[in-house]
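Heads up: the structure comes next, in structure tokens.
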Amino acid sequence: MQTVYDFNVTTTKGDIKSLREYESKPLLIVNTASKCGFTPQFKGLQELYEKYAEKGFTILGFPCDQFNNQEFENIEETTEFCQINFGVTFPLFAKIDVNGDKADPLFTFLKEQKKGVLSKNIKWNFTKFLVNREGMVVERYAPTTKPESIEEDILKVL
Numbered sequence: 001m002q003t004v005y006d007f008n009v010t011t012t013k014g015d016i017k018s019l020r021e022y023e024s025k026p027l028l029i030v031n032t033a034s035k036c037g038f039t040p041q042f043k044g045l046q047e048l049y050e051k052y053a054e055k056g057f058t059i060l061g062f063p064c065d066q067f068n069n070q071e072f073e074n075i076e077e078t079t080e081f082c083q084i085n086f087g088v089t090f091p092l093f094a095k096i097d098v099n100g101d102k103a104d105p106l107f108t109f110l111k112e113q114k115k116g117v118l119s120k121n122i123k124w125n126f127t128k129f130l131v132n133r134e135g136m137v138v139e140r141y142a143p144t145t146k147p148e149s150i151e152e153d154i155l156k157v158l
């Protein structure tokens with residue numbers, strides 16, 4: 001059975017990284033954007049990361065520019081923006097597509113695991129997928145769902 005850990009992703013430096021590095025760790029995988037109305041969620045995500053990182057929990061952020069071009073062109077601008085404005089220390093990766101023919105395979109898998117309300121496609125930035133220690137998606141959250149409101153679910157996968 002395929003899991004999240006079977007995928008490779010691209011780092012902000014352009015290197016390929018296996019998600020096996022996170023095997024047996026609960027994850028929150030998020031498509032992010034730096035110039036979105038939901039961008040302040042970075043603060044809540046960072047707080048969750050700091051609170052539960054010692055228990056193995058991590059957040060993986062994937063910048064996406066598919067929704068109204070709300071991401072910087074240059075990934076260095078993205079990472080700098082997130083660090084300076086929100087203190088982000090959880091891993092951010094290379095900019096990706098989450099829908100369409102060029103959708104990243106990881107996000108194709110995530111969408112198949114947990115479909116949205118009306119379709120499996122991601123509707124906007126800051127869609128969140130909670131992954132258990134076995135690498136399976138246990139919950140999908142809408143962009144409007146604030147990070148602090150999913151803390152109880154995170155505790156269940158820890």
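Per our numbering: the sequence shown = residues 1 to 158. For each residue, glycine too, the CB sits at the ideal point set by N, CA and C.
{"Item": "Sequence-distant residues of its chain with Cβ nearer than 6 Å to Ile160 (five each side left out)", "Value": "Lying outside 1 to 158, the shown extent of the chain, residue 160 is not represented and no answer is given."}
{"Item": "Lys95 and Thr108 closer than 9 Å at C-beta", "Value": "no"}
{"Item": "Bridge partner(s) assigned by DSSP for Phe93", "Value": "Thr11"}
{"Item": "Beta-carbon proximity check, Gln70 vs Lys35, cutoff 9 Å", "Value": "yes"}
{"Item": "Cα-Cα separation, Glu76 to Trp124", "Value": "22 Å"}
{"Item": "First and last residue of the uninterrupted alpha helix (DSSP H) at Thr3", "Value": "Per DSSP, Thr3 belongs to no alpha helix (DSSP H) and is neither H nor E."}
{"Item": "Own chain partners of Lys55 with C-beta closer than 6 Å, once the 5 adjacent residues on each side are dropped", "Value": "Leu158"}
{"Item": "Burial state of Leu110 (16 or more Cβ within 10 Å)", "Value": "buried"}
{"Item": "Backbone secondary structure at Lys17 - three-state DSSP", "Value": "strand"}
{"Item": "For Asn103, the residue or residues it bridges with in DSSP", "Value": "Looking at the sequence provided, one finds Ala at residue 103 rather than Asn. Asp97."}
{"Item": "Of the listed residues Ala33, Ile122, Glu47 and Ile16, nearest to Glu80 (C-alpha basis)", "Value": "Ala33"}
{"Item": "Buried or exposed by the 16-neighbour rule on C-beta atoms within 10 Å, applied to Pro40", "Value": "exposed"}
{"Item": "Of the listed residues Thr11, Glu47, Glu152 and Pro105, nearest to Val88 (C-alpha basis)", "Value": "Glu47"}
{"Item": "Three-way DSSP call (helix, strand, coil) for Pro147 in this model", "Value": "helix"}
{"Item": "Pair within 9 Å by beta-carbon distance, Ala103 and Thr127", "Value": "no"}
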